[in-house]
Amino acid sequence: MIKVNGLNELAQMIEYDEIVRTHIKKAEKAIKKQRTAELIAQGIDPELSKVMASVGL
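Sequence positions in the sequence shown follow numbering that gives the first Met the number 0 and run 0 to 56.
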């Protein structure tokens with residue numbers, strides 16, 4: 000039988016990466032929403048402002 004070391008560390012790294020990826024997605028979504036609201040407040044069409052906000056990121 001072969002003993003395998005380091006699986007716990009690998010699992011922790013994968014879990015950490017997943018948490019970071021989730022936080023980044025949430026932050027980008029919040030930034031897009033805020034930027035869209037700013038563009039709408041400036042008088043830009045809502046659909047166009049969504050596109051502009053997504054291109055800005």
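Each residue gets a CB set at the ideal place from its N, CA and C atoms; glycine is no exception.
Limits of the alpha helix (DSSP H) - the one that residue i falls within
i     : result
Gln33 : Leu6 to Ala40
Lys49 : Pro45 to Gly55
Assigned exposure category for residue i - 16 Cβ within 10 Å defines buried
i     : result
Ala40 : exposed
Ser48 : buried
Leu6  : exposed
Thr35 : buried
Ala10 : exposed
Of the residues the options, the one placed nearest residue i, counting alpha carbons only
i     : options                : result
Lys32 : Glu14, Gly55 and Ala10 : Gly55
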